[in-house]
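In what follows, a single structure is set out as structure tokens and then discussed.
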Amino acid sequence: MATDAIEIVEIKSAYDPSADARYAHKLDLACEVYRSQGWAFRVVEANQLLQEPRFKAVQEIQSYRRASLTPADTSILSRLFRATDQVSFQELTSAYPTHLLGKAKACAMMVRRMIKIDLSNGLCASAAVTLVSGSCAHG
75 MATDAIEIVE IKSAYDPSAD ARYAHKLDLA CEVYRSQGWA FRVVEANQLL QEPRFKAVQE
135 IQSYRRASLT PADTSILSRL FRATDQVSFQ ELTSAYPTHL LGKAKACAMM VRRMIKIDLS
195 NGLCASAAVT LVSGSCAHG
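Read left to right, the sequence shown gives residues 75 to 213 (my numbering).
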């Protein structure tokens with residue numbers, strides 16, 4: 075998968091499509107919608123995910139999924155991306171008073187599909203951050 079491609083991963087503790095046909099159909103519909111947007115979609119069992127190199131980063135991002143976002147956060151994105159298509163994770167988190175606040179906001183933005191973070195090397199300072207096309211901060 076290309077590093078600039080969007081991939082939606084549905085994580086389940088266990089997944090047997092035949093156990094719940096209605097839910098399996100819902101996931102099939104979600105897959106169609108995501109593919110129509112050019113995005114990849116897959117269902118992964120948690121034990122599979124533990125073996126993937128990006129697991130720790132995804133787990134950390136998910137831990138901040140409920141962080142609140144406000145119009146001020148959209149303004150920060152707009153300002154950061156005014157003259158560029160990409161910033162580093164460190165540049166984004168540094169736009170906030172503390173690193174922890176910036177990290178929480180950035181992770182929540184990724185979960186809400188406002189930004190993409192290249193997790194090839196984990197959630198590191200140099201990770202490339204780009205806006206998701208169509209996000210409210212995209213100019």
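Glycine included, every Cβ here is placed at the ideal spot set by N, Cα and C.
Residue range of the alpha helix (DSSP H) that VAL117 falls in? From DSSP, VAL117 is part of no alpha helix (DSSP H) but of the beta strand (DSSP E) over 114-119.
Once you ignore the five residues that flank PHE129 on each side, which residues in its own chain have a CB closer than 7 Å to its CB? LEU123
Please confirm if the stretch 136-143 is in contact with the stretch 174-184, defined as three or more CB-CB distances below 8 Å between the two stretches. yes
VAL206 (DSSP reduced to helix, strand or coil): coil
N-terminal and C-terminal residue of the alpha helix (DSSP H) that ILE150 is part of: 145-154
What residues in its chain sit with their C-beta under 8 Å from that of GLU61, if we drop five residues either side in the sequence? This structure does not reach residue 61, given that the chain is present from 75 up to 213, and the question cannot be answered.
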